[in-house]
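Residue numbers (the working numbering), protein chains in the order written: chain A, 157 to 273; chain B, 558 to 669.
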C-alpha cells in the first residue's frame, strides 16, 4: 500500500537560512506524483511543488525545490532563504493511479516548521 | 483565491444534527475530492467524484454521503453528528495531475 512518512514532527530554522523537510514514500507503482503543501495557521492548503516519478530533473518553484531521489524513495522539500511567513505545517503527499484513470492522493502526517527571527 | 470555493467556512452544530458542506471546483476541473483533517487522524481521504460519478471511497463513515451535480459542484452530507466529527473538511479539485490538486479553504465543523 502507498504510504508517506514524514519523520520530523517539528523543525526550527533561523530566518534567511535554508531548511530541508524530509519525506519518504513507499509504493510499488512506477507512475506516481509527489506533492508538497503548506498549511499556515489560517488553515488553507497551499500547493507548493510537484514532481512526477518520470521527471529526471528536480522540481523547483521559486525558493522551493524538491530533492527527488527515486532509488531511495525520498522527496525532500528544500526551502531556501527562509522567511517568517514560511512558518506553517508542511505536508508531503503522493498520488497514484488506481483502477484505470482514477487518481488517489495520500498525505504524510506533516512537519511543523517554525522560522525564528 | 485558489479557485475552489467551499461554503460555509465555519459551522457549529449540535450532536445528532445533519449538515451539508458545499464545494465548487476550479473551472475546468472534473474531479472533486473530500478530505477530513482532525488532530488525531491527520488528513484522511473521504471520497472522490469524477464528472458526476463516484470513483473512490476512503475512510468515509456510513453517516456521511456525497454527490457531484451536473454543474460539477459537490456536496458532502454529514448526519447524526457526533463530537468526534468536529474537524476541518477540505474539498480539492484536479484535472488529473495537471498543476496538482487545488484545495479550497476548508469548512471548519464544530459539533457541540
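Cβ atoms here follow ideal geometry from the backbone N, Cα and C, with glycine treated the same way.
Hey, quick one: how far does the beta strand (DSSP E) through residue 212/A stretch, first residue to last?
-> No beta strand (DSSP E) contains residue 212/A, which DSSP labels as neither H nor E.
May I ask you to list the residues that DSSP assigns as paired with residue 619/B?
-> Partner residues in a beta bridge of residue 619/B, as assigned by DSSP, do not exist.
Grouping DSSP H, G and I as helix and E and B as strand, with all else coil, what is residue 609/B?
-> coil
Taking C-beta pairs closer than 8 angstroms, name the residues in chain A that residue 609/B reaches, listed in chain order.
-> Near residue 609/B there are no residues of chain A at all, since even the closest Cβ is about 14 angstroms away, more than 8 angstroms.
Closer than 8 angstroms, CB to CB, is residue 224/A near chain B or not?
-> no
In terms of alpha-carbon separation, which member of 210/A, 203/A, 208/A lies closest to residue 218/A?
-> Among 210/A, 203/A, 208/A, the Cα nearest to that of residue 218/A is on 203/A.
Any beta-carbon of chain A closer than 8 angstroms to the one on residue 654/B?
-> The predicted position of residue 654/B is uncertain, since its pLDDT is 48 and thus under 50; no value can be drawn from it.
Burial state of residue 272/A, where buried means 16 or more other Cβ atoms lie within 10 Å | exposed
Tell me, please, whether the CB atom of residue 667/B is closer than 8 angstroms to any CB atom in chain A?
-> no
Taking residue 567/B as part of the beta strand (DSSP E), name the residues at either end of that continuous run.
-> 567-570
Where does residue 182/A sit, in a helix, a strand or coil, going by DSSP?
-> Note: residue 182/A maps to strand in three-state DSSP.
Exposure label - residue 283/A; buried when at least 16 CB within 10 Å = This structure does not reach residue 283/A, given that chain A is present from 157 up to 273, and the question cannot be answered.
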